[in-house]
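In the working numbering, the protein residues as written are 11 to 343.
What follows is a set of notes on a single structure, which appears directly below.
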Ligand code: ADP
Ligand code: MG
């Protein structure tokens, strides 16, 4: 069988098999946005890692080295945000061709450092090698109070499902980067491509959610809501019903979709890489958090659906209902 047949999640399952049972100091191993370890003490340790490879995840034509530096740390901090945010420390493994200009590495680190410092994250180590192309792997460790961790599991039937920001911007931005011919104004173009190149990790929202002590489940939207809400469903032993008309789509994203004769919902549901947070809570708590996020963080939080008994993610569109589970981004397909 080929990896493209097995798929990304099939491969992770294959790697996951055959290990001894986890010991008491492992609170969460494979299967959430971060692993959660108990070093004994007041705080738990979060660990996450993400890799970016030139010409697979980015092209030097489309990404400035500065933006790439931002993105490499931002996507890891997004996983930390999804667990409730934490004080973080990073490790950077960097491979690059020997004939690369030093200025490129310098600009990369400017982006990496500036984004890290915006979120109080410090670089503590890594590894440096030569390579035929740029390869960047970042590992982030986070320290978080014991009672504050948010997991993908834990959603309750009747919970409402909320998402931050707008969904689909990143996929729209990528489309624009690949096919730049457009009638969109400069503002919209800059907005969409920045949403793709330099996502903002929702660290402050993650903290707000975890401090409330009343959010039941949380995940960051890296693969698209169809796939990521599917993870929350699976880990929580529930299903979800998502209302298509409630999915928050920015005007810029709508305009580009219209121009390309596409349905923007396809980008929002399946595009991925928006790095917004999806969480579940009771309707009262959710309303409260929506208001707090708006006033304290100036960040839109939208109710998009509800958790139901059963399994899988169902999309309601008019009077049609469709199962969209696992239709998100998959690295081997
Ligand atoms: P995320 O999108 O939040 O980074 P992924 O979908 O990439 O999460 O991964 C899902 C889970 O599988 C995570 O717990 C991750 O640590 C784990 N995982 C991914 N790749 C591997 C691997 N090669 N070996 C072991 N665990 C992995
Ligand atoms: Mg994640």
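Glycine included, each C-beta is placed from N, C-alpha and C at the ideal position.
Predicted model, so just to flag it, every value in this text is computed and none were measured.
Out of the options, which has the shortest C-alpha to C-alpha gap to residue i?
i, options, result
"residue 226", "196, 161, 216", "161"
"residue 278", "61, 182, 307, 165", "182"
"residue 60", "73, 232, 330", "232"
"residue 184", "321, 28, 67", "67"
"residue 242", "276, 111, 290, 267", "290"
"residue 8", "89, 88, 118", "Residue 8 falls outside the range modelled here, since the chain spans only 11 to 343, and no answer is possible."
"residue 51", "76, 156, 112, 299", "156"
"residue 36", "27, 48, 30", "48"
"residue 21", "30, 41, 198", "41"
"residue 275", "81, 257, 74", "257"
"residue 165", "189, 259, 246, 237", "246"
"residue 89", "187, 45, 63, 200", "45"
"residue 235", "215, 167, 334", "334"
"residue 78", "94, 96, 115", "115"
"residue 95", "214, 193, 71, 248", "214"
"residue 132", "113, 159, 87, 112", "87"
"residue 220", "295, 259, 272, 205", "295"
"residue 140", "109, 167, 105, 159", "105"
Any heavy atom of ligand 4 closer than 7 Å to the CB of residue i?
i, result
"residue 91", "This structure simply doesn't include ligand 4; it includes ligand 1 and ligand 2 instead."
My assumption, with CB atoms under 8 Å, is that residue i sits in contact with residue j. Please give the rounded CB distance.
i, j, result
"residue 324", "residue 217", "With 8 Å as the limit, residue 324 and residue 217 do not qualify as a contact, their Cβ atoms being about 31 Å apart."
"residue 64", "residue 143", "4 Å"
"residue 229", "residue 92", "5 Å"
At a cut-off of 7 Å, is residue i close to ligand 1 when judged by its beta-carbon and the heavy atoms of the ligand?
i, result
"residue 232", "yes"
"residue 20", "no"
"residue 60", "yes"
"residue 320", "no"
"residue 280", "no"
"residue 41", "yes"
"residue 122", "no"
"residue 99", "no"
"residue 118", "no"
"residue 68", "no"
"residue 289", "no"
"residue 25", "yes"
Is residue i near ligand 2, judged by its Cβ being under 7 Å from some heavy atom?
i, result
"residue 229", "yes"
"residue 284", "no"
"residue 169", "no"
Does the count of Cβ pairs from the segment 116 to 132 and the segment 95 to 105 closer than 8 Å reach three? yes
Taking three-plus beta-carbon pairs below 8 Å as touching, is the segment 167 to 175 in contact with the segment 295 to 308? yes
Can you check the segment 208 to 256 for any beta strand (DSSP E) of at least 3 residues that lies completely inside it and give the ranges in chain order? 227 to 230, 249 to 253
For the segment 307 to 315 against the segment 248 to 264, do three or more pairs of beta-carbon atoms, one drawn from each stretch, fall closer than 8 Å, so that the two count as touching? yes
Can you confirm whether the segment 49 to 59 touches the segment 141 to 159 when touching is taken to mean that 3 or more C-beta pairs between the two stretches lie within less than 8 Å? yes
For the segment 200 to 216 against the segment 285 to 292, are there 3 or more C-beta pairs whose distance is under 8 Å? yes
I'd like the ranges of any alpha helix (DSSP H) spanning at least 4 consecutive residues and lying wholly in the segment 158 to 192. 179 to 188
At what residue ranges does the segment 247 to 323 contain a whole run of the beta strand (DSSP E), taking only runs of 3 or more? 249 to 253, 287 to 291, 311 to 318
Please list the segments of the beta strand (DSSP E) lying wholly inside the segment 93 to 124, counting only runs of 3 or more residues, in order along the chain. 97 to 106
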